[in-house]
Each structure stands twice: as structure tokens, then as C-alpha cells.
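Peer 1: The structure that follows is given in the form of C-alpha cells.
Protein chains: 2
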Amino acid sequence: MDTSTVILQIAAILIIARIFGEIAVRFSAPAVIGELIAGVILGPTLFNIIQPDGMIRILAEIGIILLLFQIGLETNIQNLAASGRKSVIVAIGGFIIPFVACYALSYYWFGLSQLVSLLIAGTMTATSIGITMRSLKDIGQEQSKEGQIVLGAAVLDDIFGVLLLAVLFDFSQNGEVNLVSTARILLFMTVFFLIAPTIAKFLSLLIRKHERVTKLPGLVPTTIVSLVLFLAWLSHAIGIPELLGGFATGLALSRRFFIPFGMSLKADSEFSDKIHNQMKPIIQLFTPIFFVTVGLSLDLSSIDWTSTFFWYFSISLTAVAIVSKMGGAMLIKENFARRVVTGMAMVPRGEVGLIFAELGRSTGLLNNEIYATVVIVIAYTTLFTPFWLKLFYKRFGKYMDD
Amino acid sequence: MDTSTVILQIAAILIIARIFGEIAVRFSAPAVIGELIAGVILGPTLFNIIQPDGMIRILAEIGIILLLFQIGLETNIQNLAASGRKSVIVAIGGFIIPFVACYALSYYWFGLSQLVSLLIAGTMTATSIGITMRSLKDIGQEQSKEGQIVLGAAVLDDIFGVLLLAVLFDFSQNGEVNLVSTARILLFMTVFFLIAPTIAKFLSLLIRKHERVTKLPGLVPTTIVSLVLFLAWLSHAIGIPELLGGFATGLALSRRFFIPFGMSLKADSEFSDKIHNQMKPIIQLFTPIFFVTVGLSLDLSSIDWTSTFFWYFSISLTAVAIVSKMGGAMLIKENFARRVVTGMAMVPRGEVGLIFAELGRSTGLLNNEIYATVVIVIAYTTLFTPFWLKLFYKRFGKYMDD
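See below:
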């Protein structure tokens with residue numbers, strides 16, 4: 001595509017995301033909803049001005065990697081570890097319950113085939129770490145107790161999602177599950193999460209050391225972005241979503257992170273501030289492109305709104321998808337309001353759900369009608385959850401004090 | 403191309419540009435030379451790891467647009483206007499003299515055809531505004547008296563270049579020059595340079611106004627980048643290089659700029675500072691990608707280093723290209739040292755020269771041998787001028803005090 005067209009598209013995405021973000025805020029909704037709707041409007045659903053492909057998709061990917069980097073950077077690893085057990089429960093519960101419930105609905109109630117039902121169930125296990133954390137960020141709750149539980153759970157959910165996707169892909173291709181390859185992915189992931197932050201920390205110390213002597217401006221933006229993108233690439237090469245590479249890097253560069261053999265290398269809070277301040281505008285620039293692209297990908301144009309099956313299936317699947325996802329969060333020991341918020345935050349399926357749905361469509365397993373249903377469920381959970389979440393905090397936030 | 407490959411390429415470009423930039427600084431050379439050499443090494447000349455196309459080219463284009471935006475932003479328009487007459491002389495002299503001299507060399511001395519000679523002459527009229535301004539920036543001279551003369555001259559040279567390119571293209575296609583279309587381009591340009599800064603100023607006032615009330619973070623990075631890219635696109639649509647749109651926007655947002663009907667709207671220096679500070683990391687991130695891409699585009703791999711003609715022609719063309727370009731600067735009334743520096747700064751042909759050369763190759767007018775010669779002359783003027791410039795300042799900078 002022509003360079004100048006892409007440049008115009010980027011300009012358009014940035015300004016329209018901003019305008020709709022501002023409108024959302026004006027209506028007391030989180031800004032992310034505005035950005036998603038901007039995407040829906042610009043995309044194939046309505047005006048079809050911009051397609052979510054090529055350059056735009058790459059910039060969007062960089063956007064979500066950088067956002068997860070920022071979330072990692074701002075995470076207090078002690079808090080994250082403290083909520084670890086609860087995160088595991090929320091992640092496992094929020095994975096198994098929707099899977100079983102949505103499978104049962106598709107297979108037993110709607111009489112779909114086993115493989116199609118498995119794929120729908122898989123799609124509904126997803127949690128969009130991007131939408132979830134951004135929604136919490138928009139209302140300033142990403143560092144709260146429930147925010148940390150959700151963050152941990154969403155990261156784990158992404159890992160489960162990768163495993164499930166691999167299993168379902170095997171199953172759809174060969175009719176059986178290859179346990180060896182699944183175990184290998186799991187092993188790679190464990191190794192990655194042990195090693196990646198250490199690499200990132202080590203390289204960041206090199207950068208910091210160099211920062212004291214360099215006379216050439218622009219060290220932080222170029223080297224830190226390079227580091228984040230390198231680890232994102234590395235995680236992808238191992239089979240983990242790129243954004244988790246960004247998260248691992250952020251975690252490694254956060255103030256409280258230390259590596260076992262480098263305990264004497266105290267966190268340098270001046271350098272941390274520099275990273276924060278200089279990365280912020282870059283992250284703010286790229287992030288909206290991601291959320292607009294999620295909106296662009298929610299192609300609602302192919303939906304046959306007159307189909308009874310579509311309405312019947314999509315409404316029931318939406319209900320089951322939401323209730324079952326919240327069920328996972330009900331298993332932890334917290335006050336009721338916090339359990340509800342935790343569950344709600346896990347509801348958006350976002351771009352992760354779309355990856356599953358896309359697998360179903362590209363392999364021909366999901367026909368147009370079922371694909372459309374799945375997309376509308378993803379769209380509903382993605383577009384409305386941030387709003388409900390904000391509303392819930394406003395009305396019931398006081399019950400979470402303890 | 404695969405998203406994750408592009409992400410790795412970006413990471414590689416950023417870090418290698420940085421490393422070579424640091425090495426250049428260590429050897430007392432301007433950092434831009436390191437970035438250009440990083441490109442030569444990564445590109446088809448040596449390792450052929452990265453091609454200057456697709457996504458990388460777009461990011462590079464954004465990089466040079468943003469750099470010109472920054473240069474515009476930091477320009478004091480009164481100073482630029484004050485050096486206006488001298489800039490015009492340097493631009494016209496530095497356009498006509500190389501054109502005539504290089505044409506004469508190619509046509510009369512080397513007996514090349516008229517059209518080929520015209521194209522070579524056209525290539526040698528180019529001035530790389532990017533390399534030129536970056537070299538001055540690297541040695542902290544972009545705001546000096548000669549820096550302002552060079553900036554004005556380089557902008558004018560870019561405009562002349564567009565006109566000449568249009569004329570040569572017409573001539574190579576139809577054997578004649580279409581004066582009407584040339585006049586139309588000239589008219590468009592004049593209108594653009596009158597209107598674009600006014601549009602940019604007006605929109606920036608809207609952004610500033612909004613900035614006071616918004617609760618959504620990230621206003622400056624998204625809206626200012628959007629504005630810059632929009633005006634870059636607009637300038638391209640009119641037929642002007644995109645980077646001049648970036649420059650016009652920067653100029654409009656600079657502290658000293660005012661629009662006739664908005665004289666009461668005083669420059670808001672707090673908002674100016676915000677733009678400066680928040681745009682800086684973004685500009686620092688994108689700029690090296692541009693210079694690496696120029697290096698990538700300097701494909702020296704096809705050169706037959708054993709050809710006598712190649713050596714004979716390239717050495718004489720380099721000499722003529724440098725001397726004739728400096729001739730333009732000799733016409734102004736300044737002390738000798740300043741005239742030399744002004745002339746030297748205009749020498750790099752960079753990416754602008756490559757556009758001409760590419761036109762010649764793609765239309766089949768320049769055969770491989772002549773194309774290679776032109777590329778090596780561009781490479782020499784681009785890679786070595788920043789070094790000579792820095793050296794000259796160090797040795798003779800004192801003679802420029804007045």
C-alpha cells in the first residue's frame with residue numbers, strides 16, 4: 001500500500017480514537033469504549049474506510065505490547081505474588097466453567113457438532129488482557145487488590161488460551177490431541193517466564209550504565225523500545241503471545257523487581273522515572289491504535305439480523321459466557337463486591353476471542369452464522385463490560401473497602 | 403510479512419542504529435554517520451538482513467516527517483525570514499551550478515546521452531534536508547546563523563527538486579516539458595505554504611483549548627502526531643514532499659509563529675513546552691529508523707569495483723558535485739568560513755538524490771554502471787559530509803564569530 005495512504009490512515013485512527021474516547025468520557029464511560037467504537041465505525045461494519053491489516057495491525061501489535069510493558073512496569077511484583085493464589089483460582093475457574101458451560105449449551109442444547117462446540121467453548125474461555133487492564137486503568141483501579149488478582153488471572157488465562165488453541169488445532173486437524181507438543185509449549189513458557197525478566201533486567205542495567213556516559217540524546221526511547229520489542233519477538237518465537245513478552249519486560253524493569261544474583265544492584269529510582277516519563281508519550285501514541293484495531297476486527301456487517309437462530313443462540317451464549325466467567329471469580333475468598341468486580345473484569349473476550357473465532361472460520365469449522373454469533377458475543381462482552389465495570393465501581397465501590 | 407518478523411526488524415534497527423551512533427560519537431564523528439553505516443551493514447550492500455521496504459519504509463517516512471516537524475518547531479521564524487534572501491541565493495546557486503556542471507561533465511566529457519546527462523545533473527542538484535539538518539543538529543549548530551541559511555536553502559532546494567523531477571519525468575516520457583503542469587505544481591506549493599501553517603496553527607489552538615478540560619491522558623502525543631501526519635499527507639496530495647508538511651506544521655506550532663487573524667492568541671509557552679517534552683521521545687524513537695533506511699537504500703552491492711569507467715566517472719562526478727554545490731554558497735555576503743560551512747552542509751544528496759536515481763533506473767534511462775556511479779557519489783556525499791562538517795567547525799569555528 002502507498003506510504004501516504006497509510007500515513008493518512010494513522011492520522012485518522014489517532015484523531016478519531018481521541019474524539020470518540022473524549023465522547024465516551026463525557027458520557028461517563030471508559031475511554032476504551034470510545035476507541036473500540038471508533039474502530040467499529042471506521043471498519044468493515046460501517047464505513048469500511050480502514051482494514052485491520054498490514055501496517056495498521058503491526059502498529060496495533062506494538063501498541064498492545066507497549067501497554068502490557070507499561071502495566072508490568074507499574075506492577076508491584078510483591079502485590080502480584082501476594083494475590084497469586086487467588087489469581088490462579090480465578091484463572092482456572094474462569095477457564096473451566098465457561099468452557100464446560102458453553103460446550104454444554106452448544107452441543108446439548110443447540111445440537112451443534114462436537115468440534116464446533118469445542119471451538120465455541122474455546123472462544124468463550126478467552127480473556128482480553130488488553131481490554132480488561134485498560135478498563136481498570138481508565139477508572140484508576142489497575143493497582144487495586146482486585147486489579148492485581150485480575151492481572152495475574154488474565155496473564156494465566158492467556159497462557160491457558162495458547163495451550164487450548166494448540167490442543168484444539170491439533171484436534172481439528174488430526175482428530176486427536178498431541179500431549180507431547182502441549183507439554184513442550186508448557187515447558188517453553190515456564191522457561192521463558194523464568195529467563196525473560198532476567199535477560200530484560202540484565203540488559204536494562206547495561207542501558208542504565210551506558211546512560212551515565214552517553215552524549216547522544218534519545219537513549220531511553222530507542223533502547224527500551226528495542227528491548228521490549230525484542231523480548232516480545234522472543235516470546236512469540238517460543239509460542240507465547242507477544243504481549244506477554246512486553247509484560248515480562250515491564251515487570252523486570254519495575255522498581256521492586258530484583259534478580260537473584262544481582263541483589264546488590266539496587267533499583268535506581270531516577271532511571272526508573274526516566275523510563276516512565278520518556279516511554280509514556282510513546283505508549284500513549286501506540287495504544288489507541290490497538291483498541292481501534294480491535295474495533296476494526298469486530299466485523300458485524302455479515303450478520304443476518306433477521307435470523308431467529310442468530311438471536312436465540314447469541315443471547316443465550318452471551319448470558320452463559322458472562323455468568324460462567326463470573327463464576328470463576330466466585331470461588332475466591334474476598335468480599336462479594338470484589339468477587340463480582342473480579343469476575344466482571346474477566347468478561348471481555350476481545351482480541352483473544354477473535355483469534356479463536358478466526359481459527360474456526362479459516363478452517364471452515366464455523367459457518368457464517370455461527371461465526372457471526374460468536375463475534376457478536378465477543379463484541380458485546382468487549383464493548384459493554386468496561387461500562388458495567390465503571391458503573392459497578394461507582395455504585396458499589398464502597399463495599400470493597402477492607 | 404509476518405508481524406513478529408517486522409517487530410524483530412524494528413528492534414534490530416533501533417539497537418544497531420544506537421550502537422553505531424555511539425561508536426561514531428566515540429570517534430568524534432556525528433551520530434548520523436553511525437546510523438547510515440548501520441543501514442549499509444544491515445542492507446543489501448553487506449548482510450542483506452533488512453530490505454528498505456513496506457513497513458520499515460513507512461516508519462522511516464514518519465521519522466523524517468517528525469524530524470522536520472521538530473526542526474520547524476525549534477525554528478525562530480524571524481531568524482529564518484532574516485536569512486531568507488541568503489537562503490534563496492544559496493538554494494538557486496546550489497541548484498543551477500551543480501546542474502550545469504554535472505550536465506557538462508556527463509554530456510561533453512563522458513559523452514553520455516542528453517537525457518541521461520540531464521538525469522545525472524538532476525540527481526546532483528538534490529540536497530538531503532534530513533542529513534543536512536541532522537548533521538548540524540548533531541554538532542549543535544542547527545540554530546546558528548549559517549544553520550538558518552542552510553535550513554531555508556534546503557527547504558527551497560526540496561521544492562526546486564520536485565519541480566525538476568516533474569520536468570524531467572515529463573521530458574523522459576514525452577520528449578518535451580509541460581509548462582502548464584509545472585506552473586500548477588508551483589501554484590499548489592505557494593498556496594500550501596500559505597495555508598498549511600494557518601490550518602496547523604488553528605488546529606493546534608483547538609487542541610490547546612481542549613487540553614485544559616480533558617480528563618483523558620495522552621492528548622498531546624495522539625493529536626499532535628495526527629496533525630503532523632495529516633499535513634504531511636496533505637502536502638503529498640498536492641505534490642510536495644511529505645516532510646515539508648511536517649516542517650510547515652512545526653513552524654506553525656513554534657513559539658514565535660502567529661497567524662494574521664489570530665494575533666490576540668498569544669503563544670502559550672506552557673503548552674509549547676508540553677509539546678516539546680512529549681514529542682521528543684517519539685521523535686527520537688522514529689528518527690533513527692529514517693537514517694538507517696537511507697543506509698539500507700544505498701545499495702553498493704551491484705557495483706563493479708574493477709571497472710575503470712566507474713572509478714574515473716565516480717571520482718570526477720564526486721569532485722564536481724561537491725565543488726559546484728559549494729559554489730552556490732560562495733555567492734552570499736558572509737565571512738569565508740561561514741560560506742564554506744553553508745556550502746558543505748548543502749553537499750549531502752541523501753534520500754533526495756536516491757529518488758532521482760531511482761527514477762532513472764526504473765525508467766531504464768540509467769544503466770547499471772551509471773546507476774552504481776550515481777549511488778556511490780550520493781553515498782560519499784551523504785556519509786562523509788557530516789564528518790567534514792564537524793571537523794571544519796572544530797578547526798575553523800572561531801572564524802565564524804561576528
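These protein sequence lines map, in sequence, to chains A and B.
When we follow my numbering, the leftmost residue of the first sequence carries the number 1, and every step to the right adds one.
When we follow my numbering, the leftmost residue of the second sequence carries the number 403, and every step to the right adds one.
Think of the CB as a built atom: it goes at the ideal place given N, C-alpha and C, for glycine as much as any other residue.
1. Between the alpha carbons of Ser574 (chain B) and Thr744 (chain B), how many angstroms are there, rounded?
2. Below 8 Å, how does it come out for the segment 301 to 319 of chain A and the segment 68 to 79 of chain A: are there three or more Cβ pairs, yes or no?
3. Give a single yes or no on whether Lys201 (chain A) has its beta carbon closer than 6 Å to a heavy atom of the ligand SAM.
4. Excluding the 5 residues flanking Leu448 (chain B) on each side, which residues of the same chain have their C-beta closer than 6 Å to its C-beta?
5. Quick one: using the 10 Å Cβ neighbour count with 16 as the cut-off for buried, is Phe27 (chain A) buried or exposed?
6. Can you find a C-beta in chain B that's less than 7 Å from the C-beta of Phe20 (chain A)?
7. Does any residue of chain B have a CB that is nearer than 7 Å to the CB of Val292 (chain A)?
8. What ranges does the beta strand (DSSP E) occupy inside the segment 308 to 337 of chain A, keeping only unbroken runs of at least 3 residues that lie completely in it?
9. Is there a C-beta anywhere in chain B that falls below 7 Å from the one on Gly218 (chain A)?
10. Would His638 (chain B) count as contacting chain A if we go by Cβ distances under 7 Å?
11. Can you find a CB in chain B that lies within less than 7 Å of the CB of Val225 (chain A)?
12. Evaluate the contact criterion for the segment 158 to 168 of chain A versus the segment 384 to 397 of chain A: three or more CB pairs, one atom per stretch, below 8 Å.
13. Taking the continuous alpha helix (DSSP H) assigned at Pro288 (chain A), which residues delimit it?
14. CB-CB under 6 Å to Gly34 (chain A), same chain, minus the five flanking residues each way: which ones, in chain order?
15. Step through the CB atoms of chain A and report whether any lies within less than 7 Å of the CB of Ala568 (chain B).
16. Which same chain residues end up closer than 8 Å to Thr287 (chain A) when comparing Cβ atoms and leaving out the 5 residues on each side of it in sequence?
17. On a CA-only basis, which of B:Gly456, B:Ser583, B:Leu793 and B:Val776 is nearest Ala528 (chain B)? Give me that one, please.
18. Does the segment 108 to 122 of chain A touch the segment 355 to 369 of chain A, meaning 3 or more C-beta pairs lie closer than 8 Å?
19. Which term fits Ala379 (chain A), buried or exposed, when burial requires 16 or more other beta carbons within 10 angstroms of its beta carbon?
20. Taking Leu655 (chain B) as the reference, give the member of B:Ala721, B:Glu672, B:Glu544 and B:Val742 with the closest Cα.
21. Figure out for me which residue from A:Ile355, A:Tyr393 and A:Ala319 has the closest Cα to the Cα of Leu105 (chain A).
22. Distance cutoff 7 Å, beta carbons only. Does Thr3 (chain A) sit that close to anything in chain B?
23. Short of 6 Å in beta carbon distance, which residues of its chain neighbour Ala329 (chain A), apart from the five on each side in sequence? Order them along the chain.
24. Going by other Cβ atoms of all chains shown within 10 Å of its Cβ, with 16 needed for buried, is Met665 (chain B) buried or exposed?
25. If you follow the alpha helix (DSSP H) that Pro221 (chain A) is in, where does it begin and where does it stop?
26. If you draw a straight line from the alpha carbon of Asp560 (chain B) to that of Ile443 (chain B), how long is it in whole angstroms?
27. Can you tell me whether DSSP reads Met189 (chain A) as helix, strand or coil?
28. For Glu613 (chain B), which residues of its own chain have a beta-carbon under 7 Å away from its beta-carbon, when the five flanking residues on both sides are left out?
29. Among the candidates B:Glu463, B:Thr405, B:Ala503 and B:Asp701, whose CA atom is the shortest distance from the CA of Asp2 (chain A)?
30. Is the Cβ of Thr624 (chain B) closer than 7 Å to any Cβ of chain A?
31. Quick one, which residues of the segment 58 to 74 of chain A are near chain B if we go by CB-CB under 8 Å, in chain order?
32. Counting only C-beta atoms, is Ala433 (chain B) closer than 7 Å to chain C at any point?
33. Do Val694 (chain B) and Gly441 (chain B) count as a contact pair if the criterion is CB distance below 7 Å?
34. Chain A beta carbons: is any one of them nearer than 7 Å to that of Trp635 (chain B)?
35. Please compile the residues from chain A whose C-beta is within a distance smaller than 7 Å of the C-beta of Pro690 (chain B).
36. Rounded to whole angstroms, how far is the Cβ of Ser297 (chain A) from the Cβ of Leu354 (chain A), which I believe are closer than 8 Å?
Peer 2: By the coordinates alone:
1. Against the second sequence, residue 574 (chain B) aligns to sequence position 172. Against the second sequence, residue 744 (chain B) aligns to sequence position 342. So the alpha carbons of these two residues sit roughly 33 Å apart.
2. no
3. Absent from the structure shown: the ligand SAM. Ligands present: none.
4. Here the question's residue 448 (chain B) lines up with position 46 in the second sequence. Counting only Cβ-Cβ distances below 6 Å, and skipping sequence neighbours, we find nothing.
5. As a working mapping, residue 27 (chain A) is identified with position 27 in the first sequence. Answer is exposed; the Cβ neighbour count stays below 16.
6. Residue numbering aside, residue 20 (chain A) sits at position 20 when the first sequence is read from its first letter. No - not a single Cβ of chain B is within 7 Å of the one on Phe20 (chain A).
7. Numbered from its first residue, the first sequence carries residue 292 (chain A) at position 292. Closer than 7 Å: no.
8. none
9. To locate residue 218 (chain A), count along the first sequence from 1; it is residue 218. Yes, its Cβ sits closer than 7 Å to a Cβ of chain B.
10. For the purposes of this step, residue 638 (chain B) is identified with residue 236 of the second sequence, where counting begins at 1. Closer than 7 Å to some Cβ of chain A, the Cβ of His638 (chain B) qualifies, so yes.
11. Counting from 1 along the first sequence, the entry for residue 225 (chain A) is found at position 225. Val225 (chain A) counts as touching chain B.
12. no
13. The residue you call residue 288 (chain A) lines up with position 288 of the first sequence. From DSSP, the alpha helix (DSSP H) with Pro288 (chain A) extends over Ser269 to Ser297.
14. Sequence index remark: in the first sequence, residue 34 (chain A) carries index 34 (1-based). Answer for Gly34 (chain A): Phe20, Gly21, Ile23 and Ala24, listed in chain order.
15. If you number the second sequence from 1, residue 568 (chain B) lands on position 166. Not one chain A Cβ lies under 7 Å of Ala568 (chain B).
16. Residue numbering aside, residue 287 (chain A) sits at position 287 when the first sequence is read from its first letter. Excluding positions up to five away in sequence, the list reads Gly63, Ile64, Leu66, Leu67 and Arg134.
17. For this step, residue 528 (chain B) is matched to residue 126 along the second sequence. Answer by Cα proximity: B:Val776.
18. yes
19. Here residue 379 (chain A) refers to the residue found at position 379 of the first sequence. Counting Cβ neighbours within 10 Å, Ala379 (chain A) comes out buried, since at least 16 surround it.
20. Counting from one through the second sequence, the residue named residue 655 (chain B) turns up at place 253. Comparing Cα positions, the closest option is B:Glu672.
21. Taking the first residue of the first sequence as position 1, residue 105 (chain A) is located at position 105. Of the listed residues, the one whose Cα sits closest to Leu105 (chain A) is A:Ala319.
22. By 1-based counting over the first sequence, the position of residue 3 (chain A) is 3. Closer than 7 Å to some Cβ of chain B, the Cβ of Thr3 (chain A) qualifies, so yes.
23. Position 329 of the first sequence, counted from the first residue, corresponds to residue 329 (chain A). Taken in chain order, the residues that qualify are Val90, Arg339, Thr342 and Gly343.
24. Within the second sequence, the letter at position 263 stands for residue 665 (chain B). Because Met665 (chain B) carries a pLDDT of 49, less than 50, the predicted location of this residue cannot be relied on, and the following value inherits that uncertainty. With fewer than 16 Cβ atoms within 10 Å of its Cβ, Met665 (chain B) is classed as exposed.
25. For this step, residue 221 (chain A) is matched to residue 221 along the first sequence. Unbroken alpha helix (DSSP H) run through Pro221 (chain A): Leu219 to Ile238.
26. Residue mapping note: residue 560 (chain B) aligns to position 158 of the second sequence, counting from 1. Residue mapping note: residue 443 (chain B) aligns to position 41 of the second sequence, counting from 1. Spanning the two alpha carbons is a distance of roughly 28 Å.
27. In the first sequence, counting from the first residue as 1, residue 189 (chain A) sits at position 189. Looking at Met189 (chain A) - three-state DSSP - the assignment turns out to be helix.
28. As a working mapping, residue 613 (chain B) is identified with position 211 in the second sequence. Here the set comprises Leu621 and Phe673.
29. Residue numbering aside, residue 2 (chain A) sits at position 2 when the first sequence is read from its first letter. Nearest of B:Glu463, B:Thr405, B:Ala503 and B:Asp701 to Asp2 (chain A), Cα basis: B:Glu463.
30. Walking along the second sequence from the start, residue 624 (chain B) turns up at place 222. For Thr624 (chain B), the answer is yes, since a Cβ of chain A falls inside 7 Å of its Cβ.
31. Ile58, Glu61, Ile62 and Ile65
32. Any reference to chain C falls outside this structure, whose protein chains are A and B.
33. Along the second sequence, read from residue 1 onward, the residue named residue 441 (chain B) stands at position 39. Along the second sequence, read from residue 1 onward, the residue named residue 694 (chain B) stands at position 292. Their beta carbons are under 7 Å apart, which means Gly441 (chain B) touches Val694 (chain B) by this criterion.
34. Along the second sequence, one-based indexing puts residue 635 (chain B) at 233. Output row for Trp635 (chain B): interface = yes.
35. Within the second sequence, the letter at position 288 stands for residue 690 (chain B). Simply Thr222.
36. Taking the first residue of the first sequence as position 1, residue 297 (chain A) is located at position 297. Taking the first residue of the first sequence as position 1, residue 354 (chain A) is located at position 354. Indeed, because the Cβ distance is near 5 Å, the residues count as touching under 8 Å.
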